[in-house]
Amino acid sequence: MKVRNLLILIIAVLAAYGMLLAVAELPPYGMPDNPIHNSVSERYINEALEETGALNMVTSIVLDYRAYDTMFETIVLFTAALAVVITLKTSAREGKG
């Protein structure tokens, strides 16, 4: 039991250390010269109509630039809803028996 607790503690400390390393690599808060965020938004705003042909900029971003991301988010949401329905039906069936 002590070995298991020690292993859990080591894993937790390593995870915290990894998160701290990741946070240390983030750009300073409010830095206006962050090219990652500026170039993406400028490209979406300036070239969305030409690249996608969609008249609505939000539609072009969701359906053309981020289509796979949107699809997988929908799959995760559907799977979660299905799990809730299955759980509720199973618990209702057990309550009747």
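Per the numbering used here, the very first residue in the sequence shown carries number 181; after that it's consecutive.
Even glycine gets a Cβ: it sits at the ideal position worked out from N, Cα and C.
Note that the structure is predicted; figures quoted are calculated from it, not measured.
Check, Outcome
"With 8 Å set as the bound, which would you pick, yes or no: does the beta-carbon of A202 sit closer than that to a beta-carbon of chain C?", "Here chain C cannot be found, since the structure has a single protein chain."
"Excluding sequence positions up to five away, which residues of its chain have a Cβ less than 7 Å from the Cβ of V242?", "T250"
"Report the rounded CA-to-CA distance for G233 versus S240, giving the unit in angstroms.", "8 Å"
"Please confirm whether A247 and M237 have their CB atoms less than 8 Å apart.", "no"
"Are the Cβ atoms of Y284 and Y245 separated by less than 8 Å?", "Residue 284 lies beyond the stretch modelled for the chain, which goes from 181 to 277, so this question has no answer here."
"What did DSSP end up calling L186 once you bin it into helix, strand or coil?", "helix"
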